[in-house]
Amino acid sequence: MKVTRWPAILIFTLLIVASLIIQPDNEIPSNSELQKNQPSLVGDIKNLSSTWYCVAGSVGGAGLANHEILIGNPSDAESSVRISVVSVLAPNQQDPNGDSGTTLLDVLQLPLVQKEFPISPRAVTSVKLSEIDGVSGEYAAALIQSNLGSLIVEHRLTGALGYAQSACASTTSSEWNFAAGTTRLGTREMIFLFNPYPDSAVLDITFAADGRTRRPDSYNGLVVPPQSLLPIDVTSVVTLAETISTQITARTGRIVAERLVMFGDEITPNGLDAEVGSPSLNDLWAFPGGMESEALVSLTIFNPSETEVADVDIEIIPDVSNVGYIEPISLAVPAASSRVVNFLFDQEGGDPSLIDASTRIAKGIPFWVVVRSTNGVPIASERALIAPSEGNLSSGYNRGVDVSAEKHYLILQEPSGKVAIANPASDRLTLIQIKALSNGDIFSSQTIEIAAKSRKIIDLQQLGVPQDSILEITSTEPVSIEKYIGTKNSGDWGNVSPAAGNVSDLYISPPEFD
57 MKVTRWPAIL IFTLLIVASL IIQPDNEIPS NSELQKNQPS LVGDIKNLSS TWYCVAGSVG
117 GAGLANHEIL IGNPSDAESS VRISVVSVLA PNQQDPNGDS GTTLLDVLQL PLVQKEFPIS
177 PRAVTSVKLS EIDGVSGEYA AALIQSNLGS LIVEHRLTGA LGYAQSACAS TTSSEWNFAA
237 GTTRLGTREM IFLFNPYPDS AVLDITFAAD GRTRRPDSYN GLVVPPQSLL PIDVTSVVTL
297 AETISTQITA RTGRIVAERL VMFGDEITPN GLDAEVGSPS LNDLWAFPGG MESEALVSLT
357 IFNPSETEVA DVDIEIIPDV SNVGYIEPIS LAVPAASSRV VNFLFDQEGG DPSLIDASTR
417 IAKGIPFWVV VRSTNGVPIA SERALIAPSE GNLSSGYNRG VDVSAEKHYL ILQEPSGKVA
477 IANPASDRLT LIQIKALSNG DIFSSQTIEI AAKSRKIIDL QQLGVPQDSI LEITSTEPVS
537 IEKYIGTKNS GDWGNVSPAA GNVSDLYISP PEFD
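Numbering (my numbering), first residue to last: 57 to 570.
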């Protein structure tokens, strides 16, 4: 009897291909109040799966920001994840004519590596990508797929310049915005583009720096192949710029974009920073923490509109009530441009054209900040902490918070750090409880009160948070939260992932003159 093998071979081939194709982002429970795409949302235990994308980091040869994945399981259920590692060799992206608008995109994609890992309940699992068999190259992105909907994923980058920890992305998008960044002397900025899908993505990238808009030909109609990682060395495109704003828009496809900034060198290291971009713009951004620092603190407001000017107010909200009315700082941000507001002004090395807010509030009074577009033109906003070359402080950037929620999650490896929690409601207080889930155990804090339209900074070490913890922060009213990961002398502020089920657009009432 004649045996025909081609149907079986065809089916087997299709199964292999299907196992490598990344399915669309998991369906997050819809919330009618949330009107924007969010980069990092934690799903519900009822969800059948979760997908996370950790894009920026190095493995092996580069050694700049060694990539470690932190996976938190807040549930009582045993779980498992499949980690798919997409790594590349990027021999040279430096163009000797750097600012001419051309960049060499010579990147070699290496074979996909996949591995399964068990995930224990109420515990944190750490995976270093360079230690997975078969992973090689210089830079690597990780796709994390789980059979548990409430998984939390962050990543930690370590190198000679320091360390950084930030939330990974839980969604892809056709648009990504980075309000700030820099290629000042002694720094290097890279943006990592990850396409997890079986079709190519076609992108346009625009840079705004020093009052000019750059649209290099190399990044006009840039093709990111299927299931590939493309590291962009911004330092070779926009040279020696104090502040760079970037917008990435897709003509076709959806991607994840994450920025990596390296400050200093091995002799004078002062920071490593990684941050997922913002997939949406907003007319309101809050910065609950990070404004009081010995580093140079500034806010960048980016208006990517090609035609409209954004009228913006910077509102300073003190933690004490007896300082009187503080008039907002008003400024106009031209189309396709950014403006910088300094809160700790460097009198010797600062750019005199920048806006100085350091005298707006008396020294020693703690405060937080709201950035508001008063004419409705959507913007992006980020805070920069630029540490001096001497000392142990770390430089870094992080975007503001444009949502509020009643439940947030973060991962803490070391029992130190803090969270800044802002209650945006103008007429009611909120009650906060923090749970730490570690090695199967649950530790709960006492109830913490936060008054209306105020914030509180909570020292996690004084709270007694154990090592390798998942922090679950629950509030009776929607709040906005930032975290500080690190010690007193070295660390980085960043965003906290809200639970998708109760997240909503941020609303803070405008200030009133008494």
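We put the beta carbon where it would ideally sit given N, CA and C, even for glycine.
Pick out whichever of the options has its Cα sitting closest to the Cα of residue i.
i: A342; options: S186, S106, I490 and A476; result: A476
i: A223; options: I488, W549 and I411; result: W549
i: R484; options: A555, R511 and S292; result: R511
i: L126; options: I139, D132 and E134; result: I139
i: S143; options: V163, I175 and P130; result: V163
i: E172; options: A351, L204, V137 and Q469; result: V137
i: A492; options: R244, A236, A265 and P522; result: P522
i: A264; options: R310, T299, L449 and E231; result: T299
i: L217; options: S482, S451, Q303 and I504; result: S451
i: Q517; options: G113, N558 and K474; result: K474
i: Q502; options: I514, S494, N495 and G496; result: I514
i: S106; options: L204, Q221 and S176; result: L204
i: N495; options: L527, P534 and I504; result: L527
i: V459; options: E371, S135, S336 and S131; result: S336
i: Y219; options: T181, D375 and N122; result: N122
i: Q303; options: G267, G432, T214 and A436; result: A436
i: A198; options: Y109, S274, P422 and F248; result: Y109
i: P384; options: V317, V433 and P567; result: P567
i: G267; options: L562, V169 and A391; result: A391
i: D375; options: P422, V169 and E446; result: P422
i: G520; options: V317, P444, I498 and E505; result: I498
i: G420; options: V180, R439 and L400; result: L400
Please confirm whether residue i and residue j have their CB atoms less than 8 Å apart.
i: G333; j: F234; result: yes
i: V330; j: L441; result: Note that residue 330 corresponds to Ala in the displayed sequence, not to Val. Cβ distance not < 8 Å, so A330 and L441 don't count as in contact.
i: S553; j: P480; result: no
i: I288; j: M246; result: yes
i: R271; j: V294; result: no
i: T415; j: S472; result: no
i: A196; j: G113; result: yes
i: A306; j: V258; result: yes
i: S135; j: I175; result: yes
i: S96; j: N454; result: no
i: G386; j: N359; result: Reading off the sequence, residue 386 comes out as Ser, not Gly. No, they are not a contact pair.
i: V115; j: V191; result: yes
i: P167; j: N129; result: no
i: Y253; j: P282; result: yes
i: N431; j: S546; result: no
i: K463; j: T530; result: yes
With 8 Å set as the bound, which would you pick, yes or no: does the beta-carbon of residue i sit closer than that to a beta-carbon of chain C?
i: N129; result: The chain inventory of the structure shown lacks chain C, comprising one protein chain alone.
Roughly how many angstroms separate the alpha carbons of residue i and residue j, rounded to a whole number?
i: K539; j: V457; result: 11 Å
i: L355; j: V368; result: 12 Å
i: A508; j: P344; result: 14 Å
i: N338; j: D189; result: 42 Å
i: E124; j: K184; result: 4 Å
i: N276; j: D255; result: 18 Å
i: V379; j: W424; result: 14 Å
i: I101; j: V141; result: 25 Å
i: L466; j: S565; result: 28 Å
i: L21; j: G237; result: Any question about residue 21 goes unanswered here, given that the chain covers just 57 to 570.
i: A418; j: A146; result: 49 Å
i: L90; j: V426; result: 19 Å
i: Q221; j: I541; result: 7 Å
i: A555; j: E194; result: 34 Å
i: Q489; j: I373; result: 24 Å
i: A133; j: L285; result: 33 Å
i: F250; j: D412; result: 37 Å
i: V98; j: R395; result: 32 Å
i: L120; j: L328; result: 9 Å
i: I200; j: E187; result: 16 Å
i: E470; j: D524; result: 6 Å
i: S182; j: G215; result: 17 Å
i: G242; j: S349; result: 21 Å
i: R240; j: A388; result: 25 Å
i: R244; j: F319; result: 7 Å
i: T262; j: R428; result: 24 Å
Under three-state DSSP, which class holds residue i?
i: L26; result: As displayed, the chain neither begins before 57 nor continues past 570, which places residue 26 out of reach and without an answer.
i: D273; result: helix
i: L387; result: strand
i: V141; result: strand
i: N326; result: strand
i: G432; result: coil
i: A392; result: coil
Item to complete: Would you check if there are 3 or more beta carbon pairs closer than 8 Å linking the region 361-377 to the region 324-335?
Response: no
Worksheet item: Between the region 205-212 and the region 159-174, do three or more beta carbon pairs fall short of 8 Å?
Response: No, the region 205-212 does not touch the region 159-174.
Worksheet item: Would you call the region 301-311 and the region 228-242 touching, i.e. three or more CB-CB distances under 8 Å?
Response: Segment contact: the region 301-311 against the region 228-242, three or more CB-CB distances shorter than 8 Å; contact assigned.
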